[in-house]
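*Asks:* I'd like to ask you about the structure that follows.
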Amino acid sequence: MSKRLTLLGLLFLLVGCSGDPGTGPVDVKWDRDACERCRMVLSDRMHSAQIRGGTEEGKSRVYLFDDIGCAVIWLDEQPWKDNPAIEIWVNDHRDGEWIDAREAWYVKGNNTPMAYGLGAQDEPAEEALTFAQAREWIYEVEERFNTHSEHLEVPPVY
56 MSKRLTLLGL LFLLVGCSGD PGTGPVDVKW DRDACERCRM VLSDRMHSAQ
106 IRGGTEEGKS RVYLFDDIGC AVIWLDEQPW KDNPAIEIWV NDHRDGEWID
156 AREAWYVKGN NTPMAYGLGA QDEPAEEALT FAQAREWIYE VEERFNTHSE
206 HLEVPPVY
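Shown next, in the form of structure tokens:
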């Protein structure tokens, strides 16, 4: 009986420790996972982003992005974008650690995959932007250059 309980306990432990924990960032398969918006492979370990949010079915899922700009624009297009349970994670541009995007500070002048130029960090810096200001900056860049959305349109199939 004792062996059965021990095995059952180990089974529950293994099941509980495997898979997606339901919160926080997930491990990225660098150079294999693709950006949800632009479909580029995630290879820059200092400027990627993740969104953990709902789906139309109400389930939680993690979406990966090669740049915070792709993440912000993509999220704004989702019907569940205002759900307060949504988590947004970005890499700290200095060490690659995942940090909360809404609490991060963004510095301009970084060489990022989609050229939005923002590097996230967990502490304020001179002229650093808040998340709300970074969001505005992303849309200014998108409007100014408009180079990232034209090729994202799916052509009609005849």
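Residue 56 is where the sequence shown starts when you use our numbering, and the numbers rise one by one after that. Note that the Cβ used here is the ideal one computed from N, Cα and C, for glycine as well.
1) With distances taken Cα to Cα, identify the nearest neighbour of Q105 among G164, S98 and E91.
2) Give me the residue from I128, G174, H102 and I143 with the minimum Cα distance to G109.
3) For the region 94 to 104 against the region 155 to 170, do three or more pairs of beta-carbon atoms, one drawn from each stretch, fall closer than 8 Å, so that the two count as touching?
4) Could you check where the alpha helix (DSSP H) with Y194 kicks off and where it finishes?
5) Beta-carbon within less than 6 Å of V196's beta-carbon, same chain only, minus the 5 sequence neighbours each way: which residues are those?
6) Look at the Cβ atom of V162, then the Cβ atom of G174, and state whether they are nearer than 8 Å.
7) Does P139 pass the burial test, meaning 16 or more other C-beta atoms within 10 Å, or should it be called exposed?
8) Using 10 angstroms around the beta-carbon of W160, count the other beta-carbons present and answer buried if the total reaches 16, otherwise exposed.
9) Can you give me the Cβ contacts of F148 inside the same chain, cut-off strictly under 7 Å, excluding the 5 residues immediately before and after it?
10) Which ranges would you report for the beta strand (DSSP E) in the region 77 to 162 if only whole runs of at least 3 residues count?
11) Check whether the Cβ atoms of V83 and L119 lie closer than 8 Å to each other.
12) The beta strand (DSSP E) spanning G174 covers which residue range?
13) Decide if F200 is buried, meaning its Cβ has at least 16 other Cβ atoms within 10 Å, or exposed.
14) On a CA-only basis, which of M95, E158, K136 and R107 is nearest V81? Give me that one, please.
15) Using 8 Å for Cβ pairs, my map puts A89 next to I123. What's the rounded Cβ distance?
*Replies:* Quick look at the numbers:
1) Residue E91 holds the alpha-carbon nearest to the alpha-carbon of Q105 among G164, S98 and E91.
2) Checking every option, the nearest Cα to that of G109 belongs to I143.
3) Result yes; three or more Cβ-Cβ pairs closer than 8 Å.
4) That run of the alpha helix (DSSP H) goes F186 to F200.
5) Here the set comprises Y171.
6) Taking 8 Å as the Cβ cut-off, V162 and G174 qualify as a contacting pair.
7) With fewer than 16 Cβ atoms within 10 Å of its Cβ, P139 is classed as exposed.
8) The residue is buried, with at least 16 neighbouring Cβ atoms inside 10 Å.
9) At residue 148 the sequence reads His, which differs from the Phe that was named. Excluding sequence neighbours, H148 sits near M101, H102, N165, G174, A175 and Q176.
10) Counting only runs of 3 or more, we get 104 to 109, 115 to 120, 142 to 146, 153 to 155 and 160 to 162.
11) Judged by beta-carbon spacing, L119 lies within the 8 Å limit of V83, meaning their Cβ atoms are closer than that value.
12) Counted as a single uninterrupted DSSP element, the beta strand (DSSP E) harbouring G174 occupies residues G174 to Q176.
13) By the neighbour-count criterion, in which 16 or more other beta carbons inside 10 Å mark a residue as buried, F200 falls on the exposed side.
14) Distances from the alpha-carbon of V81 to those of M95, E158, K136 and R107 put R107 closest.
15) With 8 Å as the limit, A89 and I123 do not qualify as a contact, their Cβ atoms being about 16 Å apart.
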